[in-house]
Amino acid sequence: MSGISRRRFLAASVAGCAATTLAGPKKALAAGAFSGYPDGMGVLVDLTRCIGCRSCEAACNNEQNLPAPNKPFDDKSVFDETFHGGKQKRRPDENAYTVVNRYDTESSSKPVYRKVQCNHCSEPACLSSCFVNAYTKTPEGAVIYNSKVCVGCRNCMIACPFNIPGYSYSSAFDPVVKKCIMCYDTRLKKGLPPACVDICPQEALTFGKRKDLIKIGHQRIQTHPGRYVNHLYGEKELGGTHWMYLSSVPFEEVGFDPNPGNEPIINNVKDFLSTVPMVLAIWPAMFTGFHLLAKKKDGHGGHEHDVEEHHDEEGGAQ
Amino acid sequence: MSAKQILTNLMMALACIAAGSLAQAGDMPDQASLDTMVKYFDAVEFDHAMHTELGEDCSACHHHTTGTGTTDERCVSCHADSNETASVSCRDCHVAEPFSADHINLVSANVYLYHFDKPGLKAAYHWNCVSCHEQMDGPTGCQDCHTRTAEGDALYRVDVTGSQAAETTGH
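Structure (C-alpha cells):
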C-alpha cells in the first residue's frame, strides 16, 4: 500500500513541479503584457474647459441614487472646504462618487477646477488586492464591484493609488465599498455616456474609446500650443487609466501625484507572488520526497522506532 | 421618466426641423431657441437680432461659414478662401449628442481628420457665448441665462439646507 501511494505521490509532485515551473513564468509574462482594453471606453478630462459648475456631481448623485448632499450642488462654498489641517481637499466617499475641487495655482491667474473620481485603471490595484474577486475590469472599460462577495477587508482602499474607494461606515449591517463604476449598470453597458459626461455643459469630459482619447488628447496639445502642459496624465501612469487628464498647469499644482510611475501596482508584488504557488506546490512535494527517500534507505516498511534510532545516531554524530 | 424623455426628444426634433427650415429659407432669424438642456433648464430664447447689432462681424460666432470669414490662424490655412456655406446654423455642424454610440464610432473611424474633435452643440453654445460674454461683460452665471426647471431644482438638490445637512452627516 505504502509503495503505491508513494509512487503516485512522487509522480504527482513531479507533475506539479513541472506545471508550476512552466505555467508560473508564462502566467507572469502574460500578466505583464496585458495592455488593458484599448477599445474600452474612457473619459478625457480637460481641466482647461471645466468651469466648476458641479453639474457632474449633481448628475452622479441622481444617477447612482446617492444620499442627499450636505449642501446643494450649485453651492460653490464647498470649494473652500479642506480637511486634515487644510492639506486635503474634498475626496469621493460613500455619499459622492465624484467631487470637483478648485485650485488657485501659481501658474494660472484663473482658478483651475479638477474633477476627481475612479480613474478606471487598465490594471487596477483594487482588483489585484481583492482576494475574493469582488472587482472586475470589464471590456467596456469600467472597474466594477460586486458587494455580494465583498468581505469588507478594505484592502482595495489601501491599494488604490488614487485613494478612491469609499466605505459605507454609516451602514451598521451591510457596509459596502462605494466608488464610481462609470455608470456601468445603467449607462455604459447600453452604450450611453456616464451621467457626468452627459450633463457637462462645457464638454470638459470627452467620452470615447480609450485609444481614440489618447489621439484626441495629443492632438489638442499639438493644436493649441501654450494652452496645455505637454502631458496626457493617465496614458502611461500606473499602467494606464481609462480616465485621462489634460491640464494648463503642472499636474502637481492641481493635486495629482506628479510621478506615480508607469508600472501597474501589481508589478510591485508580481515577482514575489509568482513564487508563492511554487513554494506551495514544490516544497511539500520535495520535502515529502526527501522524507520518503530517507525512510526507504532504512528498508521498506521501516518501523517508527528504527527511524528514531537513526535520528539519534545522526544527532550523536554531530 | 421615459415618457418625459421621449417628449423631450420629440421637442428637440421639432426644434431641429424648425431651425433647419429657417436656415434653408436663407433668412437670418431674429430669435433662436437654444434647447440642449431642456430637461433641467428652460430653453434660452437667444436674441439673434440684438447680437447682430453689437457690431461684430458674423464670423465672430459663425467661424468661416458666413460673414467676412475667419481670421483664426488655425482655420485660415484651409478656410482662407472658403465660400459661405449653405447652412450656417450651429446645430448643422455641432451634433446634439456627441457621445452617442453612432457618433463615437464615426469619430473613431475619422480620428485623423482635422475636425474630428469638434464640440457638440451644448459645448459649442457655451464656449461661443461665455467666452464673448466674459470679454464684453455679458452674463456668465448659469442662471443668468438659464431658468432652472422644477426637475433641475430637484437635480441640484436646492431643497438641502444646513440643518438637514447636520442630520445627514449624523446618521
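Going down the list, the protein sequences come from chains A and B. Residues in the first sequence are numbered from 1 upward in steps of one, following the numbering used here. Residues in the second sequence are numbered from 1001 upward in steps of one, following the numbering used here. Yeah, the Cβ is synthetic: ideal placement off N, Cα and C, and Gly gets one too. Please read these numbers as outputs of a predicted model, since none were measured by experiment.
query                                                                                                                                                                                : result
Name the DSSP beta bridge partners of Phe1041 of chain B, please?                                                                                                                    : B:Arg1148
Quick test of your reading: Ile199 of chain A and Ala59 of chain A, contact by CB under 8 Å. State the CB separation rounded to the nearest angstrom.                                : 4 Å
For Val344 of chain A versus Ser274 of chain A, is the C-beta distance shorter than 8 Å?                                                                                             : Outside the displayed span of chain A (1 to 318) sits residue 344 of chain A, for which this structure offers no information.
Ser1077 of chain B touches chain A at which residues, Cβ-Cβ below 9 Å?                                                                                                               : Result: empty, since nearest Cβ-Cβ is about 12 Å, beyond 9 Å.
Just the Cα atoms here: how many angstroms apart are Ala96 of chain A and Cys1145 of chain B?                                                                                        : 28 Å
Give the straight-line distance between the Cα atoms of Lys209 of chain A and Thr1065 of chain B, rounded to the nearest whole angstrom.                                             : 30 Å
Residue ranges of each alpha helix (DSSP H) run of no fewer than 4 residues wholly in the stretch 1031-1090 of chain B, ordered along the chain?                                     : 1048-1052, 1059-1062, 1073-1079
On a Cα-Cα basis, can you pick out the residue from A:Ile282, A:Gly42, A:Phe290, A:Ala195 that is closest to Cys56 of chain A?                                                       : A:Ala195
How far does the beta strand (DSSP E) with Ile144 of chain A in it extend, from its first residue to its last?                                                                       : 143-145
Using three-state DSSP, classify Lys209 of chain A as helix, strand or coil.                                                                                                         : strand
Between the stretch 212-224 of chain A and chain B, which residues of the former have CB atoms less than 9 Å from a CB of the latter, in chain order?                                : Asp212, Lys215, Ile216, Gln219, Arg220, Thr223, His224
Between Arg49 of chain A and Phe73 of chain A, is the Cβ-Cβ spacing less than 8 Å?                                                                                                   : no
Between Ile266 of chain A and Asp1092 of chain B, what straight-line distance do the alpha-carbon atoms span, to the nearest angstrom?                                               : 48 Å
Can the beta-carbon of Leu47 of chain A be found closer than 8 Å to that of Arg114 of chain A?                                                                                       : yes
Tell me whether the beta-carbon of Pro92 of chain A lies closer than 8 Å to the beta-carbon of Val116 of chain A.                                                                    : yes
Check the Cβ of Gln202 of chain A against every Cβ in chain B and list those closer than 8 Å, keeping chain order.                                                                   : Ala1123, His1126, Trp1127
Flag Phe320 of chain A as yes if its beta-carbon sits less than 8 Å from any beta-carbon of chain B, otherwise no.                                                                   : Because chain A spans 1 through 318 in this model, residue 320 of chain A falls outside it and cannot be assessed.
Taking the alpha-carbon positions, what's the Pro201 of chain A to His1126 of chain B distance?                                                                                      : 7 Å
When burial is assigned at 16 or more other CB atoms within 10 Å of the CB, is Pro165 of chain A buried or exposed?                                                                  : buried
Quick one: grab the DSSP three-state call for Thr223 of chain A.                                                                                                                     : helix
Based on DSSP bridge pairs, tell me the residues matched to Arg102 of chain A.                                                                                                       : A:Tyr113
Using a Cβ-Cβ cut-off of less than 8 Å, give me the residues of the stretch 72-84 of chain A that come near chain B, in sequence order.                                              : Pro72, Phe73, Asp74
Cβ of Pro161 of chain A within 8 Å of Cβ of Val143 of chain A?                                                                                                                       : no
Please report how far the alpha carbon of Cys121 of chain A lies from the alpha carbon of Pro1029 of chain B, in whole angstroms.                                                    : 48 Å
Please return the same chain residues whose Cβ sits closer than 6 Å to the Cβ of Val1158 of chain B, not counting the five positions on each side in sequence.                       : none
Evaluate Asp1137 of chain B with the Cβ neighbour count: other Cβ atoms within 10 Å of its Cβ, from every protein chain shown; 16 or more gives buried, anything less gives exposed. : exposed
Mapping DSSP to helix, strand and coil, what is Met341 of chain A?                                                                                                                   : Shown here, chain A extends from 1 to 318; a query on residue 341 of chain A therefore has no answer.
With H, G and I counted as helix, E and B as strand and the rest as coil, what does DSSP make of Gly166 of chain A?                                                                  : strand
Please confirm if Val1111 of chain B has its CB atom under 8 Å from at least one CB of chain A.                                                                                      : yes
Would you mind reading off the limits of the alpha helix (DSSP H) that contains Val1188 of chain B?                                                                                  : Not covered by the structure: residue 1188 of chain B. The range shown for chain B is 1001 to 1171.
In whole angstroms, what separates the C-alpha of Ala1123 of chain B from that of Glu203 of chain A?                                                                                 : 5 Å
Would you mind giving the Cβ-Cβ distance between Thr223 of chain A and Gly234 of chain A, rounded to the nearest angstrom? I have them listed as a contact below 8 Å.                : Rounded, the Cβ-Cβ distance is 20 Å, inconsistent with contact.
Residues of chain B with CB closer than 8 Å to the CB of Val197 of chain A, please, in chain order.                                                                                  : Phe1099
Please state whether DSSP places Val327 of chain A in a helix, a strand or coil.                                                                                                     : Any answer about residue 327 of chain A is impossible in this case: the structure gives chain A only from 1 up to 318.
Could one say the Cβ of Ala58 of chain A lies closer than 8 Å to chain B's Cβ atoms, at least one of them?                                                                           : yes
Determine, using beta carbons only, whether Thr986 of chain B and Ser1059 of chain B come nearer to each other than 8 Å.                                                             : The requested residue 986 of chain B does not occur in the structure, where chain B is confined to residues 1001 to 1171.
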